[in-house]
Amino acid sequence: MTKGKIIKGIAGFYYVHDGHSRVYECKAKGIFRSQGKKPLVGDDVAVDVLNEEEKLGNITEIFPRKNSLIRPASANVDQALVIFAVKEPEPNLNLLDRFLVMMGMQEIPCHVCFNKVDLSGGDMAERLAAVYSGAGYPVHSVSTYTGEGLEGIRTLLQGRTTVMAGPSGVGKSSIMNAVSPEARMETGAVSQKIKRGKHTTRHTELFCVGEETYLLDTPGFSSLAIEGLECGELRWYYPEMEKLEGSCRFQGCIHGKEPDCAVKRSVEEGTISRERYENYLLLYEELKSKKRY
Numbered sequence: 001m002t003k004g005k006i007i008k009g010i011a012g013f014y015y016v017h018d019g020h021s022r023v024y025e026c027k028a029k030g031i032f033r034s035q036g037k038k039p040l041v042g043d044d045v046a047v048d049v050l051n052e053e054e055k056l057g058n059i060t061e062i063f064p065r066k067n068s069l070i071r072p073a074s075a076n077v078d079q080a081l082v083i084f085a086v087k088e089p090e091p092n093l094n095l096l097d098r099f100l101v102m103m104g105m106q107e108i109p110c111h112v113c114f115n116k117v118d119l120s121g122g123d124m125a126e127r128l129a130a131v132y133s134g135a136g137y138p139v140h141s142v143s144t145y146t147g148e149g150l151e152g153i154r155t156l157l158q159g160r161t162t163v164m165a166g167p168s169g170v171g172k173s174s175i176m177n178a179v180s181p182e183a184r185m186e187t188g189a190v191s192q193k194i195k196r197g198k199h200t201t202r203h204t205e206l207f208c209v210g211e212e213t214y215l216l217d218t219p220g221f222s223s224l225a226i227e228g229l230e231c232g233e234l235r236w237y238y239p240e241m242e243k244l245e246g247s248c249r250f251q252g253c254i255h256g257k258e259p260d261c262a263v264k265r266s267v268e269e270g271t272i273s274r275e276r277y278e279n280y281l282l283l284y285e286e287l288k289s290k291k292r293y
């Protein structure tokens with residue numbers, strides 16, 4: 001029996017990395033289907049090796065999961081690194097906030113990375129870093145062109161399983177190549193016509209880039225619908241608002257039209273980002289309308 005981690009799953013086949021240099025192509029035993037279990041990328045598993053030369057085997061056991069994510073479908077994730085560009089494409093902060101809420105719902109610590117800082121002259125990168133560090137997230141400003149900030153990313157990833165996510169064209173694969181050339185990711189040029197990235201990552205895949213260090217690259221997203229969240233719960237997933245809970249005049253204040261709201265006061269004073277607050281109101285109304293129908 002060999003122990004390993006599922007790094008990829010395609011059409012019923014699972015590719016299991018043994019933690020060293022071997023990858024086995026495996027099928028999952030039928031007992032998992034009868035138990036309602038489906039192997040996930042990131043699962044730690046036991047493999048019965050059928051052919052060592054051809055690296056073929058069967059997955060015989062799925063070890064207990066530390067956690068599991070719905071999107072991207074994966075298991076045993078330690079942290080998320082959500083990557084946006086400061087320019088080319090312009091950052092969609094509503095989309096970024098949606099992803100942070102989704103990771104918060106799944107209790108995954110999240111780091112924010114702004115790439116292509118060499119294109120912004122530093123001003124945009126500094127403004128964005130101030131917004132999200134002020135909201136309570138660790139922020140990393142990097143450039144794969146100049147190498148700025150990449151050493152910090154390497155340190156962040158060491159010894160952890162990290163899901164890397166972000167829209168197409170922001171440089172996820174370029175960052176992955178820069179911090180770990182052995183990943184040999186395909187890097188797609190940004191389409192000059194539509195200023196968005198070509199979809200170069202088509203499935204969820206885990207890359208072993210060092211001892212006990214794995215990166216989960218995901219297909220680029222252009223929209224995210226938040227599922228399974230009540231509108232009244234949204235405020236819990238904005239850290240800068242959550243820490244003011246109990247400071248408003250009304251208990252259970254949703255920070256909308258209520259008077260004497262500590263969050264609205266902080267927005268006016270500039271200690272909470274107006275952009276983040278406006279995104280919160282948009283998401284609140286979206287969740288509220290879903291409940292209605």
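First residue of the sequence shown: 1, per the numbering used here; consecutive thereafter.
Note that beta-carbon positions come from the ideal geometry of N, C-alpha and C, so glycine has one too.
Keep in mind the model is a prediction, meaning the values are calculated, not measured.
Where the beta strand (DSSP E) through residue i begins and ends
i	result
Val1	It is worth fixing the name first, because residue 1 is Met in this sequence and not Val. Per DSSP, Met1 belongs to no beta strand (DSSP E) and is neither H nor E.
First through last residue of the alpha helix (DSSP H) which encompasses residue i
i	result
Tyr132	Asp123 to Gly134
Ser141	Careful: Ser141 lies outside any alpha helix (DSSP H), inside the beta strand (DSSP E) at Val139 to Ser141.
Lys172	Lys172 to Val179
Gly104	Leu93 to Met105
Gly36	Here Gly36 belongs to no alpha helix (DSSP H), and DSSP marks it neither H nor E.
Gly152	Leu150 to Leu157
Glu245	No alpha helix (DSSP H) contains Glu245, which DSSP labels as neither H nor E.
Inter-residue Cα distance where the pair is residue i and residue j
i	j	result
Arg160	Asn115	21 Å
Pro319	Leu50	In the structure as shown, the chain starts at 1 and stops at 293, and residue 319 therefore has no counterpart that could be examined.
Arg196	Ala85	The predicted model places Arg196 with a pLDDT of 41, which falls under 50 and marks its position as unreliable; any figure quoted below should be read in that light. Between Arg196 and Ala85, the C-alpha separation is close to 11 Å.
Tyr24	Arg33	21 Å
Arg274	Arg265	11 Å
Thr201	Cys113	For Thr201, the predicted structure reports a pLDDT of 43, less than 50, and the residue's modelled location is therefore unreliable. A value from the coordinates is still provided. Their backbone Cα atoms lie some 19 Å apart in a straight line.
Pro259	Val267	14 Å
Ser133	Glu240	10 Å
Gln79	Ile108	5 Å
Gln192	Gly57	For Gln192, the predicted model reports a pLDDT of 39, less than 50, meaning its position is unreliable; a value from the coordinates is still stated below. Straight-line Cα distance between these residues: approximately 45 Å.
Thr2	Gly30	19 Å
Val190	Val131	Low confidence applies here, because Val190 scores a pLDDT of 34, under 50, leaving its location unreliable and the question unanswered by this model.
Cys261	Gly246	10 Å
Within 8 Å, strictly: CB atoms of residue i and residue j
i	j	result
Cys208	Ile7	yes
Thr144	Leu216	no
Ala165	Thr218	yes
Val101	Tyr237	yes
Ala75	Thr60	no
His20	Lys5	no
Ile70	Asp43	no
Asn294	Asn279	Outside the displayed span of the chain (1 to 293) sits residue 294, for which this structure offers no information.
Residues sharing a beta bridge with residue i, DSSP
i	result
Phe84	Phe114
Pro27	The sequence shown places Lys at residue 27, rather than the Pro named in the question. Note: Lys27 sits in a beta bridge opposite Asn58.
Asp78	In DSSP, Asp78 forms no bridge with anything.
Cβ of residue i within 8 Å of any chain C Cβ
i	result
Lys55	This model lacks chain C altogether; it includes just one protein chain.
Nearest-angstrom beta carbon gap, residue j and residue i [assumed within contact, 8 Å]
i	j	result
Arg98	Leu283	7 Å
Pro318	Gly169	Lying before the first or after the last residue shown, residue 318 is absent from the chain, which here runs from 1 to 293.
heavy atom of the ligand MN below 7 Å from residue i C-beta
i	result
Ile83	Annotation note on the ligand MN: not contained in the displayed structure, which lists no ligands.
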